[in-house]
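Working notes, beginning with the structure itself.
2 protein chains.
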Amino acid sequence: MHTGTGKATHAQTRRHNNRLVLKMVYDQGPISRAEIARSTNLTATTVSTVISKLIADGLVEEIGSLATERGKPPTLVSLVKDARHVIALDLSRHEFQGAILNLRGEIQQRQSLPVAGSTGDEAVTLVLTLIESLLPHAHSPLLGIGIGAPGIIDLNHNLIRRAANLGWENLALGEKLTEHFGLQAQIVNDNQAVLLAEFLFGNYKHTADMVVVRIGNGIGAGVLANGQLLHGNGTGAGEIGHVVVVKDGEPCRCGGHGCLETVASSRAIVKQAQAIARQNHTSSLHALAPAPEAITIQTVIQAFQAGDPEIQALVAKVAYYLGLMIAHLLAVVGMPRVLLCGSVTGFGEPLLAAIRHEVAQLTLVGRINEPHIAMASLATDLSNQIMMGAAATLLAHELGLFL
Amino acid sequence: MHTGTGKATHAQTRRHNNRLVLKMVYDQGPISRAEIARSTNLTATTVSTVISKLIADGLVEEIGSLATERGKPPTLVSLVKDARHVIALDLSRHEFQGAILNLRGEIQQRQSLPVAGSTGDEAVTLVLTLIESLLPHAHSPLLGIGIGAPGIIDLNHNLIRRAANLGWENLALGEKLTEHFGLQAQIVNDNQAVLLAEFLFGNYKHTADMVVVRIGNGIGAGVLANGQLLHGNGTGAGEIGHVVVVKDGEPCRCGGHGCLETVASSRAIVKQAQAIARQNHTSSLHALAPAPEAITIQTVIQAFQAGDPEIQALVAKVAYYLGLMIAHLLAVVGMPRVLLCGSVTGFGEPLLAAIRHEVAQLTLVGRINEPHIAMASLATDLSNQIMMGAAATLLAHELGLFL
Numbered sequence: 005m006h007t008g009t010g011k012a013t014h015a016q017t018r019r020h021n022n023r024l025v026l027k028m029v030y031d032q033g034p035i036s037r038a039e040i041a042r043s044t045n046l047t048a049t050t051v052s053t054v055i056s057k058l059i060a061d062g063l064v065e066e067i068g069s070l071a072t073e074r075g076k077p078p079t080l081v082s083l084v085k086d087a088r089h090v091i092a093l094d095l096s097r098h099e100f101q102g103a104i105l106n107l108r109g110e111i112q113q114r115q116s117l118p119v120a121g122s123t124g125d126e127a128v129t130l131v132l133t134l135i136e137s138l139l140p141h142a143h144s145p146l147l148g149i150g151i152g153a154p155g156i157i158d159l160n161h162n163l164i165r166r167a168a169n170l171g172w173e174n175l176a177l178g179e180k181l182t183e184h185f186g187l188q189a190q191i192v193n194d195n196q197a198v199l200l201a202e203f204l205f206g207n208y209k210h211t212a213d214m215v216v217v218r219i220g221n222g223i224g225a226g227v228l229a230n231g232q233l234l235h236g237n238g239t240g241a242g243e244i245g246h247v248v249v250v251k252d253g254e255p256c257r258c259g260g261h262g263c264l265e266t267v268a269s270s271r272a273i274v275k276q277a278q279a280i281a282r283q284n285h286t287s288s289l290h291a292l293a294p295a296p297e298a299i300t301i302q303t304v305i306q307a308f309q310a311g312d313p314e315i316q317a318l319v320a321k322v323a324y325y326l327g328l329m330i331a332h333l334l335a336v337v338g339m340p341r342v343l344l345c346g347s348v349t350g351f352g353e354p355l356l357a358a359i360r361h362e363v364a365q366l367t368l369v370g371r372i373n374e375p376h377i378a379m380a381s382l383a384t385d386l387s388n389q390i391m392m393g394a395a396a397t398l399l400a401h402e403l404g405l406f407l
Numbered sequence: 005m006h007t008g009t010g011k012a013t014h015a016q017t018r019r020h021n022n023r024l025v026l027k028m029v030y031d032q033g034p035i036s037r038a039e040i041a042r043s044t045n046l047t048a049t050t051v052s053t054v055i056s057k058l059i060a061d062g063l064v065e066e067i068g069s070l071a072t073e074r075g076k077p078p079t080l081v082s083l084v085k086d087a088r089h090v091i092a093l094d095l096s097r098h099e100f101q102g103a104i105l106n107l108r109g110e111i112q113q114r115q116s117l118p119v120a121g122s123t124g125d126e127a128v129t130l131v132l133t134l135i136e137s138l139l140p141h142a143h144s145p146l147l148g149i150g151i152g153a154p155g156i157i158d159l160n161h162n163l164i165r166r167a168a169n170l171g172w173e174n175l176a177l178g179e180k181l182t183e184h185f186g187l188q189a190q191i192v193n194d195n196q197a198v199l200l201a202e203f204l205f206g207n208y209k210h211t212a213d214m215v216v217v218r219i220g221n222g223i224g225a226g227v228l229a230n231g232q233l234l235h236g237n238g239t240g241a242g243e244i245g246h247v248v249v250v251k252d253g254e255p256c257r258c259g260g261h262g263c264l265e266t267v268a269s270s271r272a273i274v275k276q277a278q279a280i281a282r283q284n285h286t287s288s289l290h291a292l293a294p295a296p297e298a299i300t301i302q303t304v305i306q307a308f309q310a311g312d313p314e315i316q317a318l319v320a321k322v323a324y325y326l327g328l329m330i331a332h333l334l335a336v337v338g339m340p341r342v343l344l345c346g347s348v349t350g351f352g353e354p355l356l357a358a359i360r361h362e363v364a365q366l367t368l369v370g371r372i373n374e375p376h377i378a379m380a381s382l383a384t385d386l387s388n389q390i391m392m393g394a395a396a397t398l399l400a401h402e403l404g405l406f407l
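Protein sequence lines correspond, in order, to chains G and Y.
Quick note on my numbering: the first sequence kicks off at 5 and runs consecutively.
Quick note on my numbering: the second sequence kicks off at 5 and runs consecutively.
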């Protein structure tokens, strides 16, 4: 259902056709002009005109022909994946990450810059510095900048409405970057970026209905429904980490108490493991870390894998709360494909199995649909995936690959 | 973001233009042809051709002209709201409800039929009987049948995947009705119908982002995001009544334990009030009902309004659980407009205020956005609203009014 649409002008039609043909080459290439015409319902002449323009622009190339049984074999055209590059940033971590990617989301160059507690204008300056350090490494014309940012993003207004950790409120970062670098810039929520990376580059390419849940230092979700990103117009869609799941629970960095992040984020898990280490002098954690303060999420994962019973119980509790949240999420959106990412997924398949069990216990939708709860396909390096998703957003806007 | 679209054929273009012009007349009429051309970017000739066809079909009429300062005053065209009628059903209650509605969703005639425990084919026969009883009252050509049905609906396949109370599983009711009556038939989930009624006929006309939550015998939600119904492709989107909110709680009719419906549905509230009446011989309930078994949701609402402290505490608990669920819902979809309907909303503004308070306590998104939690605008008779929404779905399909 869409709420009304006007008839296209000629310029809009031309732009639409260009995007349509490029999308066909991107998704289906190598492909013949005739096949593009068949699939798009465009005339052969229109397709040829558009392809000639794309070849002139260097975005598409002819790559020889396909052997056929009779007649002149059709020439195939293919995407030139390095015809343009994109700068993409992940601003969701203690280190800002930046990279140059090609049109297939392949990372060409990567840089990082520690945030070291910078906030406000200082943090914006860091973003500029990071981009400047990447610019000399771009060996193809740059299409623009994609930014995966934490917090509440207004996708329509290209605005960071609220990123508490960075002290940003109603920051028009896209506009700022465009002014400074003369490049298009698009902002997307970091968790939603993970989703878009799956959709354009991952194993779940073109899966129109899926959910990504990130469980790391923070917890957040991205939802794709009918191929549409549920971005909430800057109202905080996907901010599932800050729903209270423990009444009068631990204080949360959001100002609330007992939020999901206070029991299931990597930060919360580490804190609970440290308490275990302090209380139990025979805990297996002591062999893995020199002192309770030195315990990291990796330490806890090791203790879990070694079978430490207290840590097993801790992870079971984490699985319960994550299962509860995913149960609520699925009851709202109904879709059965849930992809997990973030440091807490380091507990691996046992955690996933426990979450699956909880979801099936906790919701009818979960029982009926047997939801597929799996790891995000690109998340072996989450920062890479966020940058790929940020690049995907930019590609969507500039080339119409899916937005 | 949409996942690819082909170029339109001429027939598709014509159909699209027809729908576009009709939608303009529907939404903006009385309106001049020139204004339609300006708003749609269609040529004046195309608009005139389409309007002539719509006038010939009886859907649109000329209604005189608008006085202008200079030049020939343009003739205005307007929708003929009784040009077509629609049969709409609400199958979500103990009595199946049916009505004939016009193009503005105004109810012309209403019939009902007690279900009396019928399930399976017997219940299907009741549906046929109900429609047959309505047919003689249709005084305009019928566009088709819209059905608001409980349970999990596959909108794309026009299928009732699962309506437990009626014993229906994978029932192609739309197809069955089309075969039987030679009329188009469209099925939509009952709660989603409430949402669509608001969108096409209610106070929240054209509000592209909103949530409807129905709290009656059952609890369910409908979500409209960017003007798109989140229908979940038959996976049970909006089945929020069957998420466990009380660990090891009361058994639920879905087979689970401690679902939201076991604490916050009208059924659950009545059950708890009955227990109060049985335990407390000075309860104000005794003055309102001859025996605990005679207590209904209306009795409980009366006791609440009279200030009964035990019932006040009961409603506070209900508000907590509803607030918790809405908090989870808003954290996923982020949108701030929530409309409530169903018998439990009979507790009125105090319940709404308590829910608002809980949502603000229970989620960051709730604190940031100050969600508008209000009554659905048409829900003084919920069955009417469901039938209006079912009619809206049919109108969307047949006339392209918004789908």
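Ideal Cβ positions, reconstructed from N, Cα and C, are used throughout, including at glycine.
| Check | Outcome |
| --- | --- |
| 9 Å Cβ cutoff met for residue 234 of chain G and residue 337 of chain G | yes |
| Within 9 Å, strictly: CB atoms of residue 192 of chain Y and residue 149 of chain Y | no |
| Option in Y/20, Y/54, Y/19 with minimal Cα separation from residue 36 of chain Y | Y/54 |
| Whole-angstrom distance between residue 47 of chain G and residue 330 of chain G, CA atom to CA atom | 47 Å |
| Where residue 22 of chain Y meets chain G, residues with beta-carbon distance less than 9 Å | Chain G residues near residue 22 of chain Y: none, gap ~12 Å exceeds 9 Å. |
| Assigned secondary structure, residue 302 of chain Y (DSSP; H/G/I helix, E/B strand, else coil) | helix |
| Cβ-Cβ distance between residue 263 of chain Y and residue 245 of chain Y below 9 Å | yes |
| Interfacial residues, the stretch 329–360 of chain G to chain Y, with Cβ spacing under 7 Å | 331, 332, 333, 335, 336, 337, 338, 339, 340 |
| Residue from Y/371, Y/373, Y/321 whose Cα sits closest to the Cα of residue 355 of chain Y | Y/321 |
| Secondary structure of residue 61 of chain Y, DSSP reduced to three states | coil |
| Close-in-space but distant-in-sequence residues of the same chain around residue 402 of chain G (CB under 8 Å, 5 per side omitted) | 147, 148, 188 |
| As assigned by DSSP and simplified to three states, the class of residue 231 of chain G | coil |
| Euclidean distance between Cα positions of residue 326 of chain G and residue 358 of chain G | 10 Å |
| Three-state secondary structure assigned by DSSP to residue 188 of chain G | coil |
| Interfacial residues, the stretch 199–215 of chain G to chain Y, with Cβ spacing under 7 Å | 210, 212, 213 |
| Counted within 10 angstroms of its Cβ, other Cβ atoms place residue 352 of chain G as buried (16 or more) or exposed | exposed |
| For residue 347 of chain G, the nearest candidate out of G/300, G/226, G/196 (CA to CA) | G/300 |
| CB contact check: residue 246 of chain G to chain Y, cutoff 9 Å | yes |
| Beta-ladder partner(s) of residue 111 of chain Y, from DSSP | Y/105 |
| In chain order, each beta strand (DSSP E) run of at least 3 residues that lies wholly inside the stretch 11–61 of chain G | none |
| Three CB pairs or more closer than 8 Å across the stretch 54–70 of chain G and the stretch 25–32 of chain G | yes |
| Close-in-space but distant-in-sequence residues of the same chain around residue 87 of chain G (CB under 7 Å, 5 per side omitted) | 62, 63, 107, 144 |
| Rounded straight-line distance, which links the Cα of residue 93 of chain Y to that of residue 100 of chain Y | 7 Å |
| Residue 7 of chain G versus residue 314 of chain Y - alpha carbon distance | Model confidence at residue 7 of chain G stands at a pLDDT of 35, short of 50, so the residue's coordinates are unreliable; what they give is reported in the following sentence. The straight-line gap from Cα to Cα measures roughly 47 Å. |
| Buried/exposed call for residue 210 of chain G, threshold 16 Cβ in 10 Å | exposed |
| Three or more C-beta pairs below 8 Å linking the stretch 248–260 of chain Y and the stretch 372–392 of chain G | no |
| Coil, strand or helix - residue 174 of chain G by DSSP | strand |
| As assigned by DSSP and simplified to three states, the class of residue 339 of chain G | coil |
| Cβ of residue 6 of chain Y within 9 Å of any chain G Cβ | Any reading at residue 6 of chain Y needs caution, since the residue's pLDDT is 36, under 50, leaving its predicted position unreliable; the model's value is listed next. It does; some Cβ of chain G falls within 9 Å. |
| Own chain, CB closer than 8 Å to residue 293 of chain G, minus 5 neighbours either side, in chain order | 281, 299, 300, 303 |
| Cβ of residue 235 of chain G within 9 Å of any chain Y Cβ | yes |
| Straight-line Cα distance separating residue 165 of chain G from residue 178 of chain G | 12 Å |
| For residue 389 of chain Y, the nearest candidate out of Y/186, Y/195, Y/131 (CA to CA) | Y/195 |
| Paired residues, beta bridge with residue 263 of chain Y - DSSP | Y/248 |
| Residue 89 of chain Y versus residue 104 of chain Y - alpha carbon distance | 6 Å |
| Under 7 Å from the C-beta of residue 366 of chain Y: neighbouring residues of chain G | 247, 248 |
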